[in-house]
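>
Number of protein chains: 2
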Amino acid sequence: MESKIIVSALAALAQESRLAVYRLLVQAGPDGLAAGKISETLGIAPSSLSFHLKELTHAGLVTSRNESRFVIYSAHYEQMNNVLAYLTENCCGGNPCIPVQFQPCEVPNK
Amino acid sequence: MESKIIVSALAALAQESRLAVYRLLVQAGPDGLAAGKISETLGIAPSSLSFHLKELTHAGLVTSRNESRFVIYSAHYEQMNNVLAYLTENCCGGNPCIPVQFQPCEVPNK
DNA sequence: TCCATATTTCAATATTAATGGAAATATGGA
DNA sequence: TCCATATTTCCATTAATATTGAAATATGGA
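Protein chains in written order, with numbering that gives the first Met the number 0: chain A, 0 to 109; chain B, 0 to 109.
1. With a threshold of 7 Å between beta-carbons, can A74(A) be considered close to chain B, or not?
2. In the structure shown, what three-state DSSP assignment does R17(A) receive?
3. Does any CB atom of chain B fall closer than 7 Å to the CB of L12(A)?
4. Examine chain B for any beta-carbon lying closer than 7 Å to the beta-carbon of E15(A), and answer yes or no.
5. Name, in chain order, the residues that DSSP records as bridge partners for I71(B).
6. Just confirm the distance between the C-beta atoms of I4(A) and V20(A), as a whole number of angstroms; I'd bet it's less than 8 Å.
7. State yes or no: is the beta carbon of L60(B) nearer than 7 Å to at least one beta carbon in chain A?
8. By Cβ distance below 8 Å, which residues in the same chain neighbour H75(B) in space, the five residues on each side in sequence not counted?
9. Between which two residues does the alpha helix (DSSP H) holding I5(B) run?
10. Who are the neighbours of I5(A) on chain B, taking C-beta pairs under 8 Å?
11. Helix, strand or coil, according to DSSP, for A58(B) in the structure here?
12. Give the single residue among E1(B), S49(B), G31(B) and L83(B) whose Cα lies nearest to the Cα of Y72(B).
13. By alpha-carbon positions, which one of V6(A), A13(A) and F69(A) ends up nearest to V6(B)?
14. Secondary structure at A44(A), three-state DSSP: helix, strand or coil?
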């Protein structure tokens, strides 16, 4: 059931706080941001943010890495591309006519 | 609050039945499909489908038109483009570097 | 080691959403 | 007009999600 993970990704973004977090991480790029910095920037309580970051992570939209005492979160573009591909799949009877892509600026289209 | 309508669009898609409906309408293209045909194709009870179609309509993702006794639903691509634009906004500090677009095949990129 | 910082987990509450059957509404054909 | 078809509305039940404070866990510096 591929649709399950797609639904979870869409559900993860379908919430004010998480949408703001995701956009912030898209803007931050591959360097990412520490959880505390996100909490501070967006004014979301740490425990609440932790819950939302887990949702985004489980949906595959963000990844995290440990750096000293910090946990750095960053956007995971591949998953967004999976979502877009799923939405456009079989458009016009199977011939994908609209290449929709979502990539970090640091990795321009080749 | 632009985020409100974006969240509602994402929430509309973040549900198995509605995601299936939306994809079916993307595949159907501008001609669209009657509510009954959607119900039959996807095996969703009419009352349930009506509820979901309303959600998709309120989110701006689909539109409907009356044709005789039928109500024909079709995907409204502009709203999907709004969602994609919102997600990529300010990526890399304000310079949109990734033109992401979602269009019906009948209206190719010019 | 001990403490401050960073983040997550837990628990309780409140809100919102999904479902299908029955009834209501609307349209077109006999 | 009357009936069959097409869709929506209403209702009741069931389930899932968001929130915050307090406690737990983990890491690094003094």
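Idealized CB from N, CA, C, for every residue including glycine.
From the atom records:
1. Position 75 of the first sequence, counted from the first residue, corresponds to residue 74(A). Chain B has no Cβ within less than 7 Å of the Cβ of A74(A).
2. As a first step, residue 17(A) must be located in the first sequence, where it is residue number 18. DSSP places R17(A) in the helix class (H, G or I) of the three-state scheme.
3. As a position in the first sequence, residue 12(A) is number 13, starting the count at 1. Taking 7 Å as the CB threshold, L12(A) lines the interface with chain B.
4. Reading the first sequence from its first residue, position 16 is the one you call residue 15(A). True, the Cβ-Cβ gap to chain B drops below 7 Å.
5. Start at 1 with the first residue of the second sequence, and residue 71(B) comes out as number 72. Answer is A33(B) and R64(B), bridged to I71(B).
6. Against the first sequence, residue 4(A) aligns to sequence position 5. Against the first sequence, residue 20(A) aligns to sequence position 21. So it is not a contact: roughly 19 Å between Cβ atoms.
7. Along the second sequence, read from residue 1 onward, the residue named residue 60(B) stands at position 61. It does not; no Cβ of chain A falls within 7 Å.
8. As a position in the second sequence, residue 75(B) is number 76, starting the count at 1. Answer for H75(B): G59, L60, V61 and T62, listed in chain order.
9. The residue labelled residue 5(B) in the question sits at position 6 within the second sequence. Residues E1 to L12.
10. The sequence position of residue 5(A) within the first sequence is 6, counting from 1. Near I5(A) (Cβ distances below 8 Å), the residues of chain B are L18.
11. The sequence position of residue 58(B) within the second sequence is 59, counting from 1. Shown here, A58(B) sits in coil according to DSSP, grouped into three states, outside any helix or strand.
12. On the second sequence, residue 72(B) is found 73 positions in, with the first residue counted as 1. Out of E1(B), S49(B), G31(B) and L83(B), the CA that lies nearest to the CA of Y72(B) is found in G31(B).
13. Position 7 of the second sequence, counted from the first residue, corresponds to residue 6(B). With distances taken between Cα atoms, V6(B) lies closest to A13(A).
14. Here residue 44(A) refers to the residue found at position 45 of the first sequence. Note: A44(A) maps to coil in three-state DSSP.
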